[in-house]
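Asks: Count along the sequence shown from 1, then add 383; that gives the number in my numbering. Just so it is clear, CB atoms sit at the ideal spot from N, CA and C, and this is done for glycine as well.
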Amino acid sequence: MTAGTGEQRERGFDHTEVEPKWQDAWDEADVFHVPDDAEDPEYVLAMFPYPSGEMHMGHVRNYAITDAYARYQRMCGENVLHPMGWDSFGLPAENAANERDVDPRGWTMDCIATMKAQMELMGLGLDWDREVTTCEPEYFRWNQWFFQRFYEEDLVERKETELNWCPDCETVLADENVNTEDGVEICWRCDTPIEHRDMEQWFFTITDYADELYESLDEMDGWPENVREMQRNWIGHQEGDAVAFDLTTGDSVEIFTTRLDTIYGATFFALSPGHEVAQAVAEDNDEVAEYVHRAEHADEDLPQTSGVFTGEYATNPATGEEIPVYVADYVLSDIGTGALYAVPAHDERDHAFAAEHDIPVQQVVEPAPDADVDPGDVDVQEAAYSEDGVLVNSGEYDGLTSEAAREEFVDVFDGEHRVERSLRDWCISRQRYWGTPIPFVRCDDCGYVPVPEEELPVELPEFVQTTGNPLDAAEEWKQVECPDCGGPAERETDTMDTFVDSSWYFLRYVSPHMDEAPFDTEQASDWMPVDQYVGGIEHATMHLIYSRFFTKVLDDLGMVEGVREPFENLLTQGMVRKGGTAMSSSTGNVVSPRPFVEKYGADTGRLFMLEAAQPEKDFDWTEEGARSAHEFLQGVYALATDVPTADGDADDDRDPIDEYVAREIAATASTATDEFEAFRFNHALQAVRELVSLVRRYRDETTPDPAVVEHGVEVVTKLLAPVAPHVAEEVWDQLGHDGLVAEADWPSADPPAGFEIERRLVANTREDVRDIVDVAGIEDPEEITVAVAPEWKHAVYDLARDSDAPNLVGEVMGDERFRQYGEAAADFAKDLQAEREALAETLDPADERAALERAAWLIEREFGADVDVVSAEDAPDDLAADARPGRPAIRID
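#1: Quick one: what's P576 bridged to in DSSP?
#2: Closest to D827 by CA distance: which of T850, G869, R804 and Y983 is it?
#3: Buried or exposed: which applies to L715, given that a residue is buried once 16 or more other Cβ atoms fall within 10 Å of its Cβ?
#4: Taking the DSSP output, what are the residues bridged to P707?
#5: Give the DSSP-derived three-state secondary structure of E1042 in the structure shown.
#6: Looking only at DSSP bridge pairs, what is G623 linked to?
#7: Sorted by chain position, which residues of the same chain lie with C-beta nearer than 8 angstroms to T688's C-beta, five sequence neighbours on each side aside?
#8: Tell me where the beta strand (DSSP E) around C826 begins and ends.
#9: What whole-angstrom Cβ distance do G605 and N952 have, given they're in contact under 8 angstroms?
#10: For P840, count the other beta carbons within 10 Å of its own beta carbon; 16 or more makes it buried, fewer makes it exposed. Which is it?
#11: Any idea if T385 is buried or exposed, counting beta-carbon neighbours within 10 angstroms, 16 or more meaning buried?
#12: Hey, could you find the ends of the alpha helix (DSSP H) W1175 is sitting in?
#13: Where do the ends of the beta strand (DSSP E) carrying F792 lie?
#14: Please work out which residues of its chain come closer than 7 angstroms, Cβ to Cβ, to R1270, disregarding the five sequence neighbours upstream and downstream, and give them in chain order.
#15: Give the straight-line distance between the Cα atoms of T702 and G778, rounded to the nearest whole angstrom.
#16: How would you write the range of the beta strand (DSSP E) that S1254 sits in, first residue to last?
#17: Over the uninterrupted alpha helix (DSSP H) stretch that includes V664, give me the two end residues.
#18: Which of helix, strand or coil does DSSP assign to T878?
#19: Taking the continuous alpha helix (DSSP H) assigned at A1023, which residues delimit it?
#20: Spatial neighbours of P1259 within its chain, please: CB distance less than 6 angstroms, with the 5 preceding and 5 following residues excluded, ordered by chain position.
#21: Which residues in the same chain as A429 place their Cβ atom closer than 6 angstroms to its Cβ, once the five residues preceding and following it in sequence are excluded?
#22: Which same chain residues end up closer than 8 angstroms to H579 when comparing Cβ atoms and leaving out the 5 residues on each side of it in sequence?
#23: If I follow the unbroken beta strand (DSSP E) through G830, where does it start and stop?
#24: Nearest by alpha-carbon distance to G1247: which of D470, P743 and D1163 is it?
#25: State the beta-bridge partners of V555 as determined by DSSP.
#26: For the ligand ADP, I want to know if F1064 counts as a neighbour, meaning its beta carbon is within less than 7 angstroms of at least one of the ligand's heavy atoms.
#27: Mind checking which residues open and close the beta strand (DSSP E) that includes T850?
#28: Going by beta carbon distance, what residues of the same chain come within less than 8 angstroms of A1223, once the five residues before and after it are set aside?
#29: Assuming A479 and W490 are in contact, meaning their beta carbons sit under 8 angstroms apart, how far apart are those beta carbons, in whole angstroms?
#30: Please look up how many angstroms separate the CB atoms of I589 and D808, rounded, as I've assumed it's under 8 angstroms.
#31: Under the rule that 16 or more other beta-carbon atoms within 10 Å means buried, what is A1111, buried or exposed?
#32: For T631, which three-state DSSP category applies?
#33: Quick one: grab the DSSP three-state call for C518.
#34: Roughly how many whole angstroms lie between the Cα atoms of H442 and A1061?
#35: Report yes if the CB atom of L643 is closer than 8 angstroms to the CB atom of R789, and no otherwise.
#36: What are the start and end residues of the beta strand (DSSP E) that includes Q862?
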């Protein structure tokens, strides 16, 4: 190998030349393409972006994470699928088109071109042959095809229900698209307060899969627990009992309760304003109608105690008594059944409502004998007692515990145990233009009829700029013949929620050019699930639930055999902040890729983002951090251009210094491998920085073995290749290697035996020397003697670590091996007794001395003193007496 020139070292690398050169080389070698016949490739995927037109470095971080991991896996010998596409339908494009008086498609495709160029600028190793764009007919035709398959499987319903409506976006919002701010429900996109409207819409019946979606979360060990908990909370799991109450309206109304033990205390019955019985009563009762209207159109929830008496009664199945029926806004239509029997004595909300409406309060549960509360201290007229206890005023069931009563009452009152979920069916209808048309037509005679499969895709008409639903205004496009009867019909003018697009895109990457099906079943069954998925936690209760639902349905349809979950492992990346706040294109608080790359290069940005923090953590973007990363990469390049010429392979008979550095090289490769596997890139890169510093010192401050220096630089290059790939290629080429480092083998990850113990020993010894020099005020130490502990102390130490005997001193002094050391052995055992829980593993005396001899040069260079590492036998008695396993004695002259 030939060293670089002095001019190269001084000039450093020019990223404006280096980065395009190696990007072209990767393209020419087709490095990132995975062939269709690859068997179960490592599937690494970042959530595909919405093409807004400009990325910032916060976006880039997400793709740098998956790119580093994909490149690492490729160097480990894996076939790697790392594709990219565009979540390109959606309201922002439509709004942007309206604002600019352009077509959404043209605007979207321009944005895609801009963002793709930015990704290429950053050197992302993506398989662009598998690119998908959801607004293209060859993609969204399969959205329509899936819709019809789901319809055939009774997983699609069209029904009228109360829905969230954004008056600014002029479209329906799913529950998942509604945020709450200061008690006000607002649109997730524009922050406009939402309205509630009764509308007929299309739904996917995701609730059919609610049980499996919830229960399988426990098995998803590769997902962060906080994301799984968010999904558990969203899907919901409330165990209770369902019982029917007969009303004087003639209806039998089912309630769901977790406190069936309190049924004898029910003194009124309450319906949500949206309950069908409340709606029916409102038709003939003006007072109820006025309240229902007020509740449905209020900007925020009505007072908790608001409600209206219906004039109707319900029969309590426990007592046979008739209790008044109210419509009350505190009863939620989407929780339980939207109806409840109210027990003011044992529920705080019921108690507050009863106090406001002068409804009786009847206690039926009192504290159990072993409770902390005395029954005499409970006054349910003043406040509800909501804890379990024992029954009172409950007829023949008095004295039963709450738990026993719940079990018995289910049968007594013809109820059933069941689990209630919070999850509701997925409303996919959107009253917008830029989305997938729903493939149905409405015929006055035949009703809603699916568009024949051979006529798919139903494409969008030319863009219509209008208020309301744009497709309603596309008269020529809308008018069609009914596929069943041939009579006049109208196309469905709603488009699909864009979360449909992203619920299966990861499957399309498997077969992006397939015409006869959305993807190849055999290939998808082999390649799925995605091995590593990376994206924002904001998608925990939308995209990540919908994708799980889609995957389960497709498995049941036989399209992905045995694949029930789409993503084996999930990482949710943190935000990149600038000036203390998250980067945001809307506020202009960003660092844009192109100007940054022009100044520092793509590798600098990639390195800085991946070494600043673990991927799931937030971090602050700083100019100082970027400069540090740039200077480090220039330092690595300079090191590579000044490697001594090696005459052959490294000498097996190395001196201690050479052996120390060689062992550190091997250990760093092992550490970096473990950290890459755990997605702790920052830890791996810190280890690489330390190795670079060590190799540079070794080269500059010793008479190095050239082969060891060269090997060290080669390992550094490979370890940096996933993170700073352009510089790594340049250094690899500088070192004289053929081929690309992107396709080279990852360094061996076998660390030297006992290396972590050795590192701790060396670090502690160096720190002890510094402490002695500092405390003793030694300005110019001349000689440092380091003495390892004798064998008998190592034996006592091992006994202390392994023994469970409570009296260590007695055990040691009872061992004939140690009696000859008398008081010294007893004192040492006494010291160990006090700290035996914290005793770490150590090397044996010979290995400890060898490790210190290998590292002695570091102490010599740091203090400018000779260092002599001696055994206990060769050390003065007073020095040897102070030595302990893992903590040698030190004398400085």
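Replies: Quick answer:
#1: Position 193 of the sequence shown holds residue 576. P576 has I569 as its beta-bridge partners, per DSSP.
#2: Residue mapping note: residue 827 aligns to position 444 of the sequence shown, counting from 1. Taking only the C-alpha atoms, the option nearest D827 is G869.
#3: Residue numbering aside, residue 715 sits at position 332 when the sequence shown is read from its first letter. By the neighbour-count criterion, in which 16 or more other beta carbons inside 10 Å mark a residue as buried, L715 falls on the exposed side.
#4: By one-based count along the sequence shown, residue 707 stands at place 324. Paired residue(s): Y696.
#5: Numbered from its first residue, the sequence shown carries residue 1042 at position 659. Three-state result, E1042: helix.
#6: Here residue 623 is taken as the residue at index 240 of the sequence shown, counted from 1. When beta bridges are read from the DSSP output, G623 appears opposite R801.
#7: Counting from one through the sequence shown, the residue named residue 688 turns up at place 305. Residues Y713, A735, F736, A738, E739 and H740 of the same chain have their beta carbon placed closer than 8 angstroms to that of T688, with the five preceding and five following residues left out of the count.
#8: Here residue 826 is taken as the residue at index 443 of the sequence shown, counted from 1. Residue range F823 to C826 is occupied by the beta strand (DSSP E) that includes C826.
#9: Reading the sequence shown from its first residue, position 222 is the one you call residue 605. Reading the sequence shown from its first residue, position 569 is the one you call residue 952. About 4 angstroms separates the beta carbon of G605 from that of N952, a gap short enough to meet the 8 angstroms contact definition.
#10: In the sequence shown, counting from the first residue as 1, residue 840 sits at position 457. With 16 or more other CB atoms across the displayed protein chains lying within 10 angstroms of its CB, P840 is buried.
#11: Numbered from 1 along the sequence shown, position 2 holds the residue referred to as residue 385. Because the pLDDT at T385 is just 46, under 50, the model does not fix this residue reliably, and the point stays unresolved.
#12: Within the sequence shown, the letter at position 792 stands for residue 1175. Taken as a continuous stretch (DSSP letters only), the alpha helix (DSSP H) holding W1175 covers E1174 to D1185.
#13: The residue given as residue 792 occupies position 409 in the sequence shown. Per DSSP, F792 belongs to no beta strand (DSSP E); it is in the alpha helix (DSSP H), S785 to V795.
#14: Locating residue 1270 in the sequence shown gives position 887, where the first residue counts as 1. In the same chain as R1270, and ignoring 5 residues on each side of it, the C-beta atoms closer than 7 angstroms to its own belong to N1147, in chain order.
#15: In the sequence shown, the residue the question calls residue 702 occupies position 319. In the sequence shown, the residue the question calls residue 778 occupies position 395. Going by the C-alpha atoms only, they are around 9 angstroms apart.
#16: Residue mapping note: residue 1254 aligns to position 871 of the sequence shown, counting from 1. Boundaries for S1254: no beta strand (DSSP E) harbours it, and the DSSP string shows neither H nor E there.
#17: Indexing the sequence shown from 1 puts residue 664 at position 281. Start and end: E659 to A665.
#18: If you number the sequence shown from 1, residue 878 lands on position 495. DSSP, reduced to helix, strand and coil, places T878 within a strand of the structure shown.
#19: Taking the first residue of the sequence shown as position 1, residue 1023 is located at position 640. Where A1023 is concerned, the enclosing alpha helix (DSSP H) stretches over E1006 to A1023.
#20: On the sequence shown, residue 1259 is found 876 positions in, with the first residue counted as 1. Take P1259, set aside five residues on each side of it, and no residue of its chain has a beta-carbon closer than 6 angstroms to its own.
#21: For this step, residue 429 is matched to residue 46 along the sequence shown. Within the same chain, Cβ atoms closer than 6 angstroms to the Cβ of A429 are found at N445, Y446, T449 and V917, the five residues on either side in sequence being excluded.
#22: Here residue 579 corresponds to residue number 196 of the sequence shown, with the count starting at 1. Excluding residues within five positions, the ones whose Cβ falls inside 8 angstroms are E545, L546, N547, W548, E679 and H680.
#23: The residue labelled residue 830 in the question sits at position 447 within the sequence shown. Per DSSP, G830 belongs to the beta strand (DSSP E) from G830 to P833.
#24: Along the sequence shown, one-based indexing puts residue 1247 at 864. Of the candidates D470, P743 and D1163, the one whose C-alpha sits nearest the C-alpha of G1247 is D1163.
#25: For the purposes of this step, residue 555 is taken as the residue at position 172 of the sequence shown. W548.
#26: Questions concerning the ligand ADP fall outside what the structure shown contains, since it holds no ligand whatsoever.
#27: Taking the first residue of the sequence shown as 1, we reach residue 850 at position 467. That residue, T850, is in no beta strand (DSSP E); it is neither H nor E in DSSP.
#28: Looking up residue 1223 in the sequence shown gives position 840. Hits under 8 angstroms: I1140, R1143 and G1269.
#29: For the purposes of this step, residue 479 is identified with residue 96 of the sequence shown, where counting begins at 1. For the purposes of this step, residue 490 is identified with residue 107 of the sequence shown, where counting begins at 1. A479 to W490, Cβ: 6 angstroms. Contact.
#30: The sequence position of residue 589 within the sequence shown is 206, counting from 1. The sequence position of residue 808 within the sequence shown is 425, counting from 1. Correct: roughly 6 angstroms between the Cβ atoms.
#31: Residue 1111 sits at position 728 when you count from the first residue of the sequence shown. Looking at its Cβ environment, which holds 16 or more other Cβ atoms inside 10 Å, A1111 is buried.
#32: Working through the sequence shown from its first residue, we reach residue 631 at position 248. Coil at T631, not helix or strand.
#33: Mapped onto the sequence shown, residue 518 falls at position 135. Residue state, collapsed to three classes: coil.
#34: Counted from its first residue, the sequence shown places residue 442 at position 59. Counted from its first residue, the sequence shown places residue 1061 at position 678. In this structure, the alpha-carbon of H442 lies about 22 angstroms from that of A1061.
#35: If you number the sequence shown from 1, residue 643 lands on position 260. If you number the sequence shown from 1, residue 789 lands on position 406. It is a contact, given that the beta carbons lie within the stated cut-off.
#36: Taking the sequence shown and counting its residues from 1, the one referred to as residue 862 is at position 479. If you look at Q862, you'll find it in the beta strand (DSSP E) that goes Q862 to E864.
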